[in-house]
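Working notes, structure below.
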Amino acid sequence: VVVCAPDPTALFDALAPALLEAGIACALKGPVPFGGTLLGRALKAVRSLQAGEGPWRHAATDFAYSALSGIAPFEAQRLNAQWRGDRLFEAAQAAEQLRSLSRTFALFEALLRHADVAALDALAQAIAEGGLVPAQARAREQTAIQALRRLLESAEKLGASPELGVMAEALWVSVSVEAPAAQKAGK
Numbered sequence: 016v017v018v019c020a021p022d023p024t025a026l027f028d029a030l031a032p033a034l035l036e037a038g039i040a041c042a043l044k045g046p047v048p049f050g051g052t053l054l055g056r057a058l059k060a061v062r063s064l065q066a067g068e069g070p071w072r073h074a075a076t077d078f079a080y081s082a083l084s085g086i087a088p089f090e091a092q093r094l095n096a097q098w099r100g101d102r103l104f105e106a107a108q109a110a111e112q113l114r115s116l117s118r119t120f121a122l123f124e125a126l127l128r129h130a131d132v133a134a135l136d137a138l139a140q141a142i143a144e145g146g147l148v149p150a151q152a153r154a155r156e157q158t159a160i161q162a163l164r165r166l167l168e169s170a171e172k173l174g175a176s177p178e179l180g181v182m183a184e185a186l187w188v189s190v191s192v193e194a195p196a197a198q199k200a201g202k
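Just so you know, my numbering puts 78 at position 63 of the sequence shown, and the rest follows in order with no gaps.
The following block contains the structure:
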């Protein structure tokens with residue numbers, strides 16, 4: 016069965032766990048905007064928070080709830096309530112909290128500030144290790160890492176200093192993720 020949707024990534028993420036559990040293999044194939052990946056959303060959230068673009072509370076909350084933040088959902092909820100409940104709370108304070116609670120926040124900052132390939136490598140390692148990203152999304156996120164790496168390498172070859180956040184928004188990631196069905200007991 017082929018299913019088309021306006022946001023195939025979101026549909027895949029919503030349906031894949033239940034399909035796999037039911038013993039049905041599924042796949043996601045085709046181009047996905049970089050911003051449609053967990054990596055892209057997290058990078059955009061950190062960039063928006065750093066730049067003070069738009070409402071910083073939305074960006075900080077989006078990062079806190081991201082699988083790539085590594086922050087437990089109850090902790091993300093607590094942070095969200097704190098940020099929205101205290102009008103005197105500032106973006107810099109929220110960034111400091113995220114830096115102390117998330118093992119990846121500083122990596123995103125380094126990536127945005129210096130186009131740091133070592134930070135990209137560390138993010139790739141965190142995704143590959145598991146625990147942060149659901150199994151059905153790991154291959155997609157590794158593909159997003161590769162697309163970002165190619166962007167950085169191209170900028171280096173050209174001797175350009177990339178505004179990574181802006182350039183990443185124009186990226187498309189060619190995704191081909193196949194999730195084999197789990198073997199049901201007794202079959």
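Glycine residues also receive a C-beta, built at the ideal position from the N, C-alpha and C atoms.
Item, Value
"Taking Cβ to Cβ, would you say A60 is nearer than 7 Å to F78?", "yes"
"Quick check on E105: does DSSP put it in helix, strand or coil?", "coil"
"Starting from the Cα of W98, find the closest Cα among L35, P70 and V132 and give me that residue.", "P70"
"Considering only the alpha carbon of each residue, which of F89, N95 and G85 lies closest to A74?", "N95"
"Put S81 into one of helix, strand or coil per three-state DSSP.", "coil"
"Figure out for me which residue from S189, A130, E184 and L186 has the closest Cα to the Cα of G174.", "A130"
"Can you tell me where the beta strand (DSSP E) holding A42 begins and where it ends?", "C41 to P48"
"Leaving out five residues on either side along the sequence, give the residues of the same chain with a beta carbon under 7 Å from the beta carbon of T119.", "L83, S84, G85, L138 and A141"
"In angstroms with no decimal places, state the Cα-to-Cα distance between R128 and R114.", "15 Å"
"Taking the alpha helix (DSSP H) that E178 falls in, what are its first and last residues?", "That residue, E178, is in no alpha helix (DSSP H); it is neither H nor E in DSSP."
"Between the C-alpha atoms of A107 and A125, what's the straight-line distance to the nearest angstrom?", "16 Å"
"Measure the beta-carbon distance from A183 to G51 and round it to whole angstroms, keeping in mind my assumption that it falls under 8 Å.", "Not quite, the Cβ-Cβ distance comes to about 12 Å (not below 8 Å), so this is no contact."
"Pop quiz: L44 and V190 are said to be a contact at Cβ under 8 Å. What is the actual Cβ separation, rounded to whole angstroms?", "Note that residue 44 corresponds to Lys in the displayed sequence, not to Leu. About 7 Å separates the two Cβ atoms, so the contact holds."
"Name the two residues that bound the continuous alpha helix (DSSP H) containing R118.", "Segment: none, R118 is in no alpha helix (DSSP H) and carries neither H nor E."
"Could you tell me which of A143, R62, L34 and D22 sits nearest to I160, measuring between CA atoms?", "A143"
"Exposed or buried, what is L103 when buried is set at 16 or more other beta-carbons lying within 10 Å of its beta-carbon?", "exposed"
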